[in-house]
Amino acid sequence: MNYKDKIVLLHGDITKVSADAIVNAANTSLLGGGGVDGAIHRAGGKEILEECIRIRNRQGGCAVGEAVITTAGRLPARYVIHTVGPVWNGGGKGEETLLQRAYHNSLRLAVENEVKTIAFPGISTGIYHFPKDKAAAIALSTVSDFLKQEKSIEKVTFVAFDAINHSIYEQLLLAL
Ligand code: AR6
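Pasting the structure below:
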């Protein structure tokens with residue numbers, strides 16, 4: 687199967703997506719927050735936070751560009767992969783590489799946990815203010831490169847919550 691056929695775009699709420707794993711745009715504390723992080727913890731219930739706290743007690747949170755995995759609680763997914771994207775700071779602070787690492791490490795953790803279907807929100811494109819067009823290009827190229835190498839992932843869904851992200855992804859996917 688061509689890697690392009692494994693990439694899907696969805697307009698909506700990631701907490702409603704059925705997949706082996708959904709990815710959360712978390713922060714280094716792993717203790718929850720606003721945006722998609724708040725939505726995932728609200729909809730998934732306290733089991734997710736309890737596991738985040740256990741991970742935090744063990745390893746002291748999650749660094750920018752890294753990822754950890756927990757149960758998905760009540761969500762229609764098996765796991766939540768929590769990754770921490772960079773705060774956009776003008777682009778000269780390694781933000782692009784860190785965002786790439788957030789996608790890559792999420793996918794690596796997915797493979798390690800036998801995840802075959804995974805859904806991503808636009809990491810860093812809300813509260814962290816990463817420019818949406820740049821972020822989408824990084825998301826798509828990192829996922830594409832990964833899928834070309836690693837055949838065990840069957841489907842990657844990009845979940846665009848807002849109309850701007852949706853149309854950016856739509857354009858990029860046409861050019862894939
Ligand atoms: N489903 C899918 N995407 C969503 C949803 C949803 N339910 N809700 C928001 N988005 P953000 P960040 C989109 O701000 O920029 C938190 O407080 C949103 O439109 O959630 O990485 C964390 O704890 C945007 O495109 O995450 C961190 O402190 C994208 O998700 C901080 O925000 C990411 O927006 C992380 O900031």
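FYI, the working numbering numbers position 59 of the sequence shown as 745, with every residue one higher than the one before it. Think of the CB as a built atom: it goes at the ideal place given N, C-alpha and C, for glycine as much as any other residue.
The beta carbon of alanine 712 sits closer than 7 Å to at least one heavy atom of the ligand AR6. Here histidine 727 is buried: its Cβ has 16 or more other Cβ atoms, across all protein chains shown, within 10 Å. CA-CA distance, glycine 780 to leucine 717, rounds to 25 Å. Phenylalanine 816 and leucine 784 have their C-alpha atoms roughly 11 Å apart.
For aspartate 723, the enclosing alpha helix (DSSP H) starts and ends at 721-730. Secondary structure note for lysine 841: its beta strand (DSSP E) is the uninterrupted segment 841-846. Residue ranges of uninterrupted beta strand (DSSP E) with 3 or more members, entirely inside the segment 781-808 and ordered along the chain, are 803-806.
The continuous alpha helix (DSSP H) containing threonine 828 extends over residues 818-835. Closest by C-alpha distance to glycine 808, out of Val801, Ala823, Asn799 and Glu798, is Ala823.
For secondary structure counted as the alpha helix (DSSP H) over 4 or more consecutive residues, the segment 696-772 holds these complete runs in sequence order: 721-730 and 732-745.
Contact between the segment 755-762 and the segment 697-708 is present: three or more C-beta pairs spanning the two stretches fall below 8 Å. In the structure shown, the three-state DSSP call for isoleucine 854 is helix.
For the ligand AR6, no non-hydrogen atom lies closer than 7 Å to the CB of threonine 756. Around the Cβ of valine 709, a 10 Å sphere holds 16 or more other Cβ atoms; the residue is buried. A distance below 6 Å between beta-carbons, with the five flanking residues on each side excluded, links histidine 697 to the following residues of its chain, in chain order: Ala846 and His852. With contacts defined by Cβ atoms closer than 8 Å, leucine 862 and lysine 692 do not form a contacting pair. In terms of Cβ geometry, valine 801 and glutamate 836 do not form a close pair [threshold 8 Å]. Excluding its 5 nearest sequence neighbours in each direction, serine 715 has C-beta neighbours in its own chain below 6 Å: Gly747, listed in chain order.
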